[in-house]
Structure formats: C-alpha cells, structure tokens
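Going down the list, the protein sequences come from chains C and Y. Adding 24 to a residue's 1-based position in the first sequence gives its number in the working numbering. Adding 216 to a residue's 1-based position in the second sequence gives its number in the working numbering. The next block holds one structure in the form of structure tokens; read it before the comments.
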Amino acid sequence: MSSLQPIPRNGLVWLLVAQVLVILPHLAHLPLWIIGLWLGCAIWRVQIFRMRAPYPRSWVKALMMLGAAFGVYFSRGGLIGLDAGVVLLIAAFILKLVEMRSRRDALVLVFLGFFAVVTSYLFNDGLLAGIYSLAPIIALLAAMIGLQQSPAGTHPWPTLRLAGSLLLQAIPLMLVLFVLFPRLGPLWSLPQPKDRGVTGLADSMAPGDMAELSRSSALAFRASFEGPIPDRDQLYWRAVTFERFDGRRWSQSFKSQLPQTPEWSPRGAPVAYSIVMQPSGRPWLYGLDVAQVDAGDVRLMSDFHLARPRPVDKPLLYQATSWPEALREPNAGPAVLGRALELPSTGNLRSRAWAAELRRAHQTPKATVQALLSHFNQQPYSYTLRPSPVGEDIVDGFLFDTLNGFCIHYAGAMTFVLRAAGIPARVVAGYQGGEVNPSGNYLSVRQLDAHAWVEYWEAGSGWVSVDPTFQVAPERIERGLEEALDAEQDLIEGAIMDLRRYRDIGWLNDLRFGWDSLNYGWQRWVLNYQGERQLEVLQGLFGKVDSRKLGLLMVATGALLVVLLALLLLKPWRREQDAQLRQFQGFEQLLARHGVARHAGEGARDFAQRAAARLPDAAPQIQAFAGLYEQARYAGQPTDLAEMKTALRSLRRQLPWRARVSKPRGGIDGDNL
Amino acid sequence: MRVLPRIRDRWLLKRIPPGPSVRLNQRRIFIMPTAVGMSFLVALLLMLLAAINYENSLAYALTFLLGSVFVVAILHTWRNLAGLELQAGGAKAVFLGEQACLRVRLESRGRLYQAVSVGWPKSGLQLVDVPAAGTCELQLSLPTERRGWLRPGRLRVESRFPLGILVAWSWVDLQLAALVYPRPLAGDLPQAVGLDEENGEGSRALGGGIDDYQGLRPWQPGDSKKRLNWKAYSRGQGLLVKDFTALSGEDPLLDFDELAGDIESRLSLLCHWVVELSSRQQPFALRIAETTIEAAVGVEHRNRCLRALALFGQQSAAPQ
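Right, here's the structure in full:
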C-alpha cells in the first residue's frame with residue numbers, strides 16, 4: 025500500500041529541478057531533441073499534477089519508448105556503446121517522469137538520476153564539474169525527502185535545507201571511505217566515452233598539422249619536479265619519433281613501436297618528476313630523455329619513447345626518472361641504422377646534391393651537423409607559423425626558395441639532408457618547454473608547445489639530439505612560442521576567452537595561475553587517487569599498510585565519526601527536553617523552598633491548591649501558574665512558554681526571599697507527573 | 217504454529233510496558249532498511265562497480281557520499297521518533313457496524329516530527345506531523361466486528377522520514393479500548409406498554425395523565441427541549457426543566473428474558489428500544505439476566521443500559 029502513495033507536491037517540484045540539474049552537464053554530448061523531449065514531458069507532468077491531463081496510456085508509452093530508441097539510433101548510429109547508452113539513460117530518465125504514478129516510481133526516477141550523475145563524470149571529471157554535481161545530488165536528495173513528507177503544503181526550502189544538512193553530515197564519512205577504501209583494477213572492460221576530438225600529436229604529421237596544433241592552448245600535461253625545474257632549453261619532452269618519410273609526411277615506423285628496450289646506460293645526475301597527462305587517445309607517454317617509468321605496463325620503446333598498450337583516454341599520473349646525459353645505443357644494430365637512413369628514391373634533388381657536398385667537405389657526422397646548424401643560423405631563414413607555399417619537393421622548396429617555416433620544416437629538412445649525407449637521423453616529435461606556474465611550482469605544457477627536433481647517430485656517442493629551430497629562433501626555445509611570434513599576435517585566434525591572452529594584466533594572470541594550480545591539485549590528489557597512488561599516500565601517512573589494517577582503520581574511523589555525529593544530532597546530555605515540565609519543576613522547587621513540597625503522585629492542581637492555602641499571599645500567582653500549566657498540558661491548547669515563564673517570575677517576586685519555613689526533604693519527586 | 221508471535225508479544229511486553237502514555241526512547245525504537253532502502257543499496261553497488269571499472273574517482277566519491285548519506289539517514293530516521301510521546305485519548309462508544317473512533321495524542325517535547333504514521337497495519341496508518349513542542353491529536357478509526365470492548369492491541373508508530381530508505385518503528389500499547397454496543401434493530405416488543413413503532417418523537421406517548429408534575433430541576437443533557445421552563449429562563453434562573461415522576465408500575469420494562477430469538481438479536485432489539493425510549497425522554501427499566509436497572513431517564517441511564525447490553529455475557533472488566 026505504501027508503494028501506491030501519491031507524489032506530494034514538494035517531491036514533484038524537487039524532482040523537476042533535479043532533472044534539469046542532472047541533464048544540464050550532459051547537454052554537451054546529447055542530441056538536441058532531448059531538450060524538446062524534456063520540455064514536453066515536464067509540461068505534461070505538471071498538467072497531470074494539476075489534473076488537466078491524463079496519464080499516458082500504455083500504447084502511448086510504448087510509442088514514446090520506441091521513438092526515443094529510434095532517435096538514439098539515428099543520432100548515435102547505434103544503441104551499443106557508452107554514448108548511445110547515456111542518451112538512452114537520459115531518455116528513460118525523462119520518459120519515466122510522465123509515467124510515474126506512485127512514490128515508488130518517483131524513487132526509481134531518483135535512482136536513475138544518480139546514475140545519470142555518475143555517467144556525467146565519465147565525460148567530464150574536472151574540478152568545476154565535480155563541484156557542480158553537488159547541485160543535482162542535493163536536489164535529488166531533496167526530492168527523496170519531499171516524497172516522504174506529508175502532502176500538506178510544505179514549503180520547498182526547508183526540504184532543501186534538510187537535504188543540504190544530510191549531505192554535509194555525510195561528508196566526513198565519505199572522505200574516510202574515499203581515502204581508505206581499497207581501489208581495485210577494472211574488473212572487466214567497459215565501453216569508454218568516444219574520442220572527444222582530442223587535439224595533440226599524431227603518429228604521422230605533415231607541416232600543416234603541427235601549425236594547427238600551435239594554435240591550441242589546450243593542456244597537454246603538467247609536470248612537477250622533485251628538484252628545481254630544469255632550464256627551458258633542457259625541456260625536450262619526447263612523445264614519438266618519426267622515421268619514415270614519404271616525400272610529404274613524416275610518420276612513425278612500425279618497428280619503433282615494438283616494446284624492445286634499446287641499449288642505454290645512465291650517466292650524470294638523474295631528474296625525477298611526476299606527470300599528469302591529459303587524455304590524448306594515443307598510447308605514448310611524455311618524458312625527458314632517457315626516461316624510466318615504474319608504472320606496470322609502461323615500456324620504453326626501441327626509439328626511446330614511452331608507451332603503454334592502451335591509449336591514454338583519461339588523465340594519467342605517473343612518476344618518471346630521466347637521465348639527460350645517458351649514452352643511447354652507442355652500438356646500434358644495422359636494422360636500426362638502416363631505418364634511420366631510409367629516403368624516398370626520388371625527389372628533392374637539390375638537397376641531395378647539397379648533402380653530398382657537405383659529406384665531402386666534412387669528415388665526421390658531428391662536423392656535418394655543425395655545418396648544417398650554422399647554415400640555418402647564418403642564412404636568412406625565418407621562423408613563422410605561416411610558411412610560404414612550396415612546390416612538389418618540399419625539402420628543396422624550403423631549403424633553397426622560401427627559407428621560412430617552423431620546427432617541423434627545420435627538423436624534417438635537416439633529417440633529410442643528414443640521411444642523404446649518410447648519417448642516421450630521425451625526427452623527434454614532442455613538446456618543448458612549458459609554462460612555469462609560480463603558485464604551484466610546476467610546469468604546464470600546452471599543445472602550442474608542440475615541437476619537433478632531430479637526433480642523429482654517431483658511432484661511440486650514440487644518438488645525439490640537436491634542434492635546428494634553436495639556430496633560427498632561439499627565443500622560441502628560451503621563452504616560448506608566443507614570444508617568438510610577437511608579430512603574429514592572433515596566434516590564439518578567436519580565443520578571446522582564453523585567459524592567456526590577458527597575461528599582461530597582473531592580477532588576472534595570477535588568477536589564471538591559481539586556478540590552473542587548483543586544477544592540477546585536483547587531478548593529482550582526487551582524480552588520480554587510484555591503485556598505486558593510494559598505496560603511496562597511505563604508506564606516507566600510516567607507514568606500512570596491508571588490506572587488513574586498512575579495513576580495520578576504515579571501520580574504526582567510520583564508527584568513530586558516526587558516534588560523534590550521533591552525539592551531535594541526538595544530544596543525549598539534554599535529558600529533559602520538555603520545556604513545560606522544566607517550568608513546572610522550577611515551580612515545584614520554588615514552593616518546596618517555601619515549605620510546600622509536592623507529594624509523590626500529587627497532581628498539579630491539588631498541589632497548587634495546597635500551596636495556595638499554605639501561602640495565601642501568593643495564592644493568585646500560584647493558581648495562575650498552575651492554571652497555565654494545566655491548560656498547556658492537558659487541554660491540548662497551544663502552549664505559550666513565555667506566558668508560563670512570566671507567571672513563574674511573578675510568583676517568585678511575590679514570595680519573600682528568605683522564607684525557609686521548614687526544610688523540605690525528599691519531597692521533590694518529578695517522576696510521577 | 218503461533219509460537220513466534222507469542223514470544224514476540226511477551227518480549228514486547230517487557231520492553232515496552234503498556235500504559236496510557238508511552239514515550240519512545242532508544243529501547244523502544246527499532247530500525248531497518250525498507251525495500252526502497254535495499255534497492256538504494258543495490259543501486260550503490262552498481263555505482264561502485266561503475267567506479268571500479270572506469271577507475272573514476274568522482275564516481276567513487278559519489279558512491280561513498282550516498283553510502284554515508286545512508287548511514288546518516290539511520291540517525292535521522294531514528295531521531296524522527298525518539299522522544300515522541302504517545303498518549304491515549306478517550307474513545308466514544310459506538311454501535312456495532314459503525315467505525316470505532318479512538319483518539320491518540322502525539323506530543324513533541326522540542327523537535328518537529330515529520331511524517332509519523334500511526335495506526336494498526338490492518339486498517340491503515342495515518343500520517344501526521346507533530347509540531348515542535350506541540351501536540352497533535354489523531355482519530356484512528358477501526359471497523360467494529362462484535363459488541364463488547366474493542367481492544368485493537370498494540371499500536372504501530374513508524375516513520376520513514378527523511379529519505380524513505382529506512383523505517384523506524386515501535387509497537388506501543390496505550391491500552392486503547394472502545395465500547396461497542398449491539399447493533400440496534402427495530403422491532404416490536406411483546407408487551408407493548410403504550411409503545412408502538414409509529415409513535416414518532418413528537419407524539420403524545422409521554423401521556424399527560426400518567427406522570428405527575430414534581431417541580432423544577434436543573435437541565436441536564438438529554439432532557440427534551442419541550443420540558444424546558446422558559447419562564448424561569450427569562451427570569452435569569454438558568455435552564456430548568458419540569459420534572460415528572462412516572463408512576464413506577466407504569467414504566468415500560470425492557471426484559472431480555474421476555475424476548476424470543478437468539479441472544480444477539482434480542483440484545484439488538486433491546487438496544488433499539490433503549491435508544492428509542494431515551495430519545496422520547498420516556499423512563500424505562502431494563503432487566504437483563506440477573507441485572508436490573510431501575511427505571512430512569514437521561515443520558516447516563518441510557519449509557520448504563522447500553523453498556524449492560526454491550527457487555528452481556530462477557531466477563532471482561534472495563535479498562536481502568
């Protein structure tokens with residue numbers, strides 16, 4: 025019978041509010057017809073409540089379900105997968121609104137709402153989204169409370185306040201669970217949110233792609249160093265190497281993607297840092313050369329880039345140690361070197377001829393490289409994101425005709441020439457530099473820091489990195505892309521909202537740094553509080569922990585918090601909560617002091633009469649108080665405590681101060697009232 | 217077969233002793249998750265699975281938050297009954313077939329108690345709010361099934377507030393009882409002493425020559441308006457009625473033994489005549505088994521007679 029109870033108005037109001045709040049963050053990835061569906065259903069629901077419209081018949085319901093399923097199918101290309109699943113969930117969440125008749129239906133709706141909030145986290149788990157989600161949760165709790173309230177027109181605000189206080193009271197326990205609950209690895213694999221158009225480095229790049237990337241101020245990753253942050257010109261973050269050139273594009277070689285640790289030996293001082301990288305949709309991780317990462321499935325690939333088997337599709341935190349001065353593959357095998365010498369059979373004849381000339385003029389690869397670098401330095405090459413168009417032979421066109429371009433042009437051309445001169449070389453793509461955030465002492469690296477440079481191989485010294493761009497535009501390396509392109513101020517085109525545009529305004533810039541630092545902390549401490557990170561934090565806090573100790577700790581802290589909350593809520597020290605009775609006890613004690621003690625089991629009226637007879641001076645006051653008390657207590661009339669207090673006060677004033685006629689003993693007995 | 221309920225009753229008797237006023241304290245309140253609460257927990261489990269599989273910290277956080285809300289709700293639900301006082305109110309006697317109405321008073325000594333349900337499960341619970349430091353009166357109706365004392369037994373007090381995922385309840389025995397008179401059934405008495413069914417209220421059955429005028433006495437409920445002494449009232453002497461003393465030999469005697477039929481139909485017939493004669497202000501006497509109620513008139517007499525009829529053959533004493 026309780027399941028068929030109608031839905032109180034308060035519950036319905038909060039349910040509607042909660043629905044808006046739940047759906048709002050989903051709008052970014054929902055088809056637009058969902059809004060129309062929600063509006064229609066909400067209006068219908070309100071009309072049902074006002075008895076202006078009937079509940080939908082079963083065939084209408086079936087039709088609406090079918091319609092929604094078709095809508096999802098057509099706008100998402102299927103019913104399988106997370107994206108379609110979420111749309112279906114939201115559609116069900118909306119349709120249930122019209123269909124619900126009883127309290128139980130409404131509770132189903134509330135639970136669906138909680139699920140919808142969980143799915144919104146899969147699409148966006150930023151700091152703002154996390155804080156925002158408190159709003160739909162409070163509204164859903166308020167709806168749950170509203171559903172339980174008696175239908176008599178209660179106001180919606182106290183309901184909300186109660187929901188808020190429930191939530192606040194739950195937070196300490198939630199924190200304990202969050203910190204101590206052991207994190208497991210995924211039990212089985214689930215569909216992930218689809219690639220959300222992630223910008224970033226790709227596994228093959230033409231010059232235009234890199235220019236595109238340079239316009240994006242989206243975050244690529246953040247890095248915190250254990251020691252001081254190295255100088256900018258040391259910060260070459262390797263992502264991937266390009267070994268194949270088809271005349272237009274540089275791309276990753278299949279061989280370099282094998283998890284085959286190359287030969288290398290650490291030298292010099294290591295640099296330790298941790299990185300939180302944004303989802304890239306690619307399997308590679310970023311690191312300074314030569315990086316070692318301890319996370320389970322991350323491997324150093326044969327071309328010294330870090331990668332893991334699965335693409336990075338959510339923010340990833342890892343610890344890395346790098347040896348910048350390490351000796352890399354001093355005895356590389358012919359297979360590796362062969363890959364680093366491959367060139368298309370035709371094209372770029374002028375460059376090939378120049379390479380042959382360089383080879384004749386210089387004895388060692390090192391000298392050839394130096395010659396090339398000084399060529400870039402001394403000839404009128406310029407650095408721009410808008411290179412002049414070149415013809416079929418892009419290397420020739422760049423080197424001898426246009427003489428302008430950006431990093432990928434320089435790196436590509438240099439690699440081409442080195443290979444043509446018989447020196448193994450390859451293009452390294454990644455990021456260079458980063459912005460130091462003074463409020464968090466860490467580095468933010470954005471997509472516009474994407475960079476390409478060159479590494480060549482020489483017997484004995486192994487792979488050596490050189491950056492031709494540095495010869496042309498040293499400020500690009502020393503201060504960053506924006507400094508290098510002062511003339512091209514519209515770099516971050518259309519991004520008026522981008523706070524980086526206003527970096528000259530001091531306080532705004534501080535605000536930006538602060539906000540960025542907050543987000544970084546959120547990622548490090550909240551989003552990446554998983555598996556090993558949790559273990560690391562807990563070991564830092566409690567020393568060596570095992571799961572048994574952890575469980576005990578969780579239960580003990582949780583129980584302690586619940587007990588504290590219970591004390592706070594129930595206030596057991598306030599034993600007698602009855603204000604009227606307290607007043608009466610005051611009355612009794614006052615009269616007892618004047619020699620009239622109440623007998624056990626004596627009623628208020630008899631006692632008052634006896635007292636009035638004994639203390640005739642105060643008789644009217646005694647009778648007045650007793651009358652009020654009786655009225656309040658037994659006649660069920662609205663009690664006015666203030667009136668009783670005044671009556672008692674006037675009685676007290678009427679009685680003499682030191683009139684201890686006789687010592688009352690054992691007469692005060694409030695038990696039998 | 218019914219061992220379990222009996223054990224439960226005995227245990228409850230010790231734990232929550234009966235009394236006209238019962239205050240709910242921690243020994244007297246029980247709490248359990250409801251069916252909704254169980255499905256809430258299942259939903260939390262599903263959310264936890266999603267959190268684990270997606271390794272999503274916010275999903276973990278929400279799951280833990282709602283789990284903590286569940287724990288906090290235990291305290292809140294429990295608190296929504298704790299300290300509430302229930303007092304038995306009176307109950308008007310009713311005729312068999314009518315709904316018995318039992319009054320219960322709920323008193324708060326401080327907090328507002330929202331959505332408290334009181335009643336007997338078989339006849340449905342009533343939902344009330346008890347205002348802070350105030351009282352709330354409830355009328356619980358129950359169908360009557362037999363004459364005599366109606367004792368509905370332990371009263372269930374429960375609350376699912378605030379979230380509906382937990383229910384706190386108690387069984388209190390306020391010793392509520394309502395007297396059920398027999399069902400009045402119209403019919404003829406065998407020796408109609410100036411009584412017949414057609415005589416309505418305004419009839420002259422009072423018989424001017426039968427009763428002697430005695431004087432004036434103060435009005436009491438049940439006296440006919442026709443006998444009011446309006447002259448005395450206009451003189452400011454209050455409501456007085458003209459008092460007649462019936463000659464005792466002439467008063468009708470409603471005698472159980474004179475009637476035919478089974479016990480219940482005889483009681484029903486007598487019940488009808490007690491009501492009928494009382495409404496006519498006609499004195500009558502009642503004899504039922506060994507009990508004889510002398511002829512008299514008025515509400516008190518009527519109720520005494522009806523009570524005798526209601527309790528005929530039942531040795532159970534009236535509640536204190």
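Every residue, glycine too, gets a C-beta built ideally from N, C-alpha and C.
Next on the checklist: Tell me the rounded alpha-carbon separation between residue 368(C) and residue 376(C).
Outcome noted: For the purposes of this step, residue 368(C) is taken as residue 344 along the first sequence, with counting starting at 1. For the purposes of this step, residue 376(C) is taken as residue 352 along the first sequence, with counting starting at 1. If you take the alpha carbons of residue 368(C) and residue 376(C), they lie about 11 Å apart.
Item to check | Bridge partners - residue 333(Y), DSSP secondary structure assignment | outcome: Working through the second sequence from its first residue, we reach residue 333(Y) at position 117. According to DSSP, residue 333(Y) bridges with 343(Y), 374(Y).
Item to check | Beta-carbon proximity list for residue 77(C), same chain, < 7 Å, skipping 5 on both sides | outcome: Residue mapping note: residue 77(C) aligns to position 53 of the first sequence, counting from 1. Same-chain partners within the cutoff: 68, 71.
Item to check | Interface flag, residue 344(Y) vs chain C, CB-CB below 9 Å | outcome: Taking the first residue of the second sequence as 1, we reach residue 344(Y) at position 128. With 9 Å as the cut-off, residue 344(Y) counts as an interface residue toward chain C.
Item to check | CA nearest to the CA of residue 360(C), picked from 417(C), 336(C), 279(C) | outcome: The sequence position of residue 360(C) within the first sequence is 336, counting from 1. Of 417(C), 336(C), 279(C), the residue nearest in Cα terms is 279(C).
Checklist entry - Using DSSP with H/G/I as helix, E/B as strand and the rest coil, what is residue 428(C)? => result Reading the first sequence from its first residue, position 404 is the one you call residue 428(C). Residue 428(C): strand per DSSP, three-state reduction.
Checklist entry - From which residue to which residue does the alpha helix (DSSP H) around residue 502(C) run? => result Numbered from its first residue, the first sequence carries residue 502(C) at position 478. Per DSSP, residue 502(C) belongs to the alpha helix (DSSP H) from 498-502.
Checklist entry - In terms of residues, what are the limits of the beta strand (DSSP E) holding residue 471(Y)? => result Looking up residue 471(Y) in the second sequence gives position 255. From DSSP, the beta strand (DSSP E) with residue 471(Y) extends over 469-471.
Next on the checklist: Please confirm whether residue 11(C) has its beta-carbon closer than 9 Å to some beta-carbon of chain Y.
Outcome noted: In the structure displayed, chain C extends from 25 to 697; residue 11(C) sits before or after that span and is not available.
Checklist entry - When the distance is taken between beta carbons, is residue 66(C) closer than 9 Å to residue 96(C)? => result On the first sequence, residue 96(C) is found 72 positions in, with the first residue counted as 1. On the first sequence, residue 66(C) is found 42 positions in, with the first residue counted as 1. No. Outside cutoff.
Item to check | residue 489(Y) versus residue 306(Y): straight-line alpha-carbon distance, rounded | outcome: In the second sequence, counting from the first residue as 1, residue 489(Y) sits at position 273. In the second sequence, counting from the first residue as 1, residue 306(Y) sits at position 90. For residue 489(Y) and residue 306(Y), the distance between alpha carbons rounds to 26 Å.
Item to check | Cutoff 9 Å: residue 279(Y) Cβ touching any chain C Cβ | outcome: Mapped onto the second sequence, residue 279(Y) falls at position 63. Yes, residue 279(Y) lies at the interface with chain C (some Cβ there is under 9 Å from its Cβ).
Checklist entry - Quick one: any contact between the segment 83-99 of chain C and the segment 134-144 of chain C, if contact means 3 or more CB pairs under 8 Å? => result no
Next on the checklist: Pull the bridge partners of residue 317(Y) from the DSSP assignment, please.
Outcome noted: Indexing the second sequence from 1 puts residue 317(Y) at position 101. DSSP lists 357(Y) as partners of residue 317(Y).
Checklist entry - What whole-angstrom Cβ distance do residue 13(C) and residue 552(C) have, given they're in contact under 8 Å? => result The structure shown does not extend to residue 13(C), since chain C is modelled only from 25 to 697, so the question has no answer here.
Item to check | Residues near residue 350(C) by beta carbon distance below 8 Å, same chain, minus five either side | outcome: Sequence index remark: in the first sequence, residue 350(C) carries index 326 (1-based). Closer than 8 Å at Cβ, skipping near neighbours: 288, 289, 290, 291, 292, 313, 314.
Item to check | Opening and closing residue of the beta strand (DSSP E) in which residue 386(Y) lies | outcome: By 1-based counting over the second sequence, the position of residue 386(Y) is 170. Run containing residue 386(Y): 382-388, per the beta strand (DSSP E) assignment.
Checklist entry - CB-CB under 7 Å to residue 329(C), same chain, minus the five flanking residues each way: which ones, in chain order? => result Counting from one through the first sequence, the residue named residue 329(C) turns up at place 305. 262, 263, 264, 265, 308.
Checklist entry - In whole angstroms, what is the alpha-carbon distance linking residue 538(C) and residue 301(C)? => result Along the first sequence, read from residue 1 onward, the residue named residue 538(C) stands at position 514. Along the first sequence, read from residue 1 onward, the residue named residue 301(C) stands at position 277. If I take the Cα positions, the gap works out to 19 Å.
Checklist entry - Are the beta-carbon atoms belonging to residue 170(C) and residue 33(C) less than 9 Å from one another? => result Along the first sequence, read from residue 1 onward, the residue named residue 170(C) stands at position 146. Along the first sequence, read from residue 1 onward, the residue named residue 33(C) stands at position 9. Closer than 9 Å, so yes.
Checklist entry - If we ignore side chains and look at the alpha-carbon of each, how far apart do residue 317(Y) and residue 161(C) end up? => result If you number the second sequence from 1, residue 317(Y) lands on position 101. If you number the first sequence from 1, residue 161(C) lands on position 137. Answer to the nearest angstrom: the Cα atoms are 43 Å apart.
Checklist entry - Is there a Cβ from chain Y that is less than 9 Å from the Cβ of residue 246(C)? => result On the first sequence, position 222 is the one that residue 246(C) refers to. It does not; no Cβ of chain Y falls within 9 Å.
Checklist entry - residue 304(Y) CB to nearest chain C CB: under 9 Å? => result Here residue 304(Y) is taken as the residue at index 88 of the second sequence, counted from 1. No, residue 304(Y) does not count as interfacial toward chain C.
Item to check | Integer-rounded CB distance, given that residue 325(Y) should sit under 8 Å from residue 349(Y) | outcome: Here the question's residue 349(Y) lines up with position 133 in the second sequence. Here the question's residue 325(Y) lines up with position 109 in the second sequence. Sure, about 7 Å apart at Cβ, within 8 Å.
Checklist entry - Roughly how many angstroms lie between the CA atoms of residue 397(Y) and residue 302(Y), to the nearest whole one? => result The residue labelled residue 397(Y) in the question sits at position 181 within the second sequence. The residue labelled residue 302(Y) in the question sits at position 86 within the second sequence. Taking the straight line from one Cα to the other gives about 27 Å.
Item to check | Local conformation of residue 214(C) per DSSP, three classes | outcome: Stepping through the first sequence from its first residue, residue 214(C) is reached at position 190. Looking at residue 214(C) - three-state DSSP - the assignment turns out to be coil, as it is neither helix nor strand.
Checklist entry - Are the C-beta of residue 586(C) and some C-beta of chain Y separated by less than 9 Å? => result Translated into positions along the first sequence, residue 586(C) becomes position 562. Yes, its Cβ sits closer than 9 Å to a Cβ of chain Y.
Item to check | Contact with chain C by residue 390(Y), beta-carbon distance below 9 Å | outcome: Position 174 of the second sequence holds residue 390(Y). Not closer than 9 Å to any Cβ of chain C, the Cβ of residue 390(Y) fails to qualify, so no.
Item to check | Contact under 9 Å by Cβ, residue 374(Y) with residue 319(Y) | outcome: Working through the second sequence from its first residue, we reach residue 374(Y) at position 158. Working through the second sequence from its first residue, we reach residue 319(Y) at position 103. No, the pair does not count as a contact, with Cβ atoms beyond the cut-off.
Checklist entry - Where does residue 504(Y) sit, in a helix, a strand or coil, going by DSSP? => result Here residue 504(Y) corresponds to residue number 288 of the second sequence, with the count starting at 1. Residue 504(Y): strand per DSSP, three-state reduction.
Checklist entry - In terms of residue numbering, what span does the alpha helix (DSSP H) encompassing residue 572(C) cover? => result Taking the first sequence and counting its residues from 1, one reaches residue 572(C) at position 548. First-last of the alpha helix (DSSP H) with residue 572(C): 571-594.
Checklist entry - Between residue 88(C) and residue 380(Y), which are expected to be in contact by the criterion C-beta below 8 Å, what is the C-beta distance as a whole number of angstroms? => result By 1-based counting over the first sequence, the position of residue 88(C) is 64. By 1-based counting over the second sequence, the position of residue 380(Y) is 164. Residue 88(C) to residue 380(Y), Cβ: 28 Å. No contact.
Next on the checklist: Under 9 Å, Cβ to Cβ, is there at least one residue of chain Y near residue 138(C)?
Outcome noted: Mapped onto the first sequence, residue 138(C) falls at position 114. Yes, because at least one Cβ of chain Y sits closer than 9 Å to the Cβ of residue 138(C).
Checklist entry - Excluding five sequence neighbours on each side, which residues of the same chain lie with their C-beta closer than 8 Å to the C-beta of residue 542(Y)? => result In the structure as shown, chain Y starts at 217 and stops at 536, and residue 542(Y) therefore has no counterpart that could be examined.
Checklist entry - Given that a residue counts as buried once 16 or more other Cβ atoms are within 10 Å of its Cβ, and exposed if not, what is residue 453(Y)? => result Position 237 of the second sequence, counting from 1, holds the residue named residue 453(Y). Exposed is the call here.
Checklist entry - Assuming residue 632(C) contacts residue 646(C) under a Cβ cut-off of 8 Å, what Cβ separation, rounded to an integer in Å, is found between them? => result Here residue 632(C) refers to the residue found at position 608 of the first sequence. Here residue 646(C) refers to the residue found at position 622 of the first sequence. That belief holds up - the Cβ atoms of residue 632(C) and residue 646(C) are roughly 5 Å apart, short of 8 Å.
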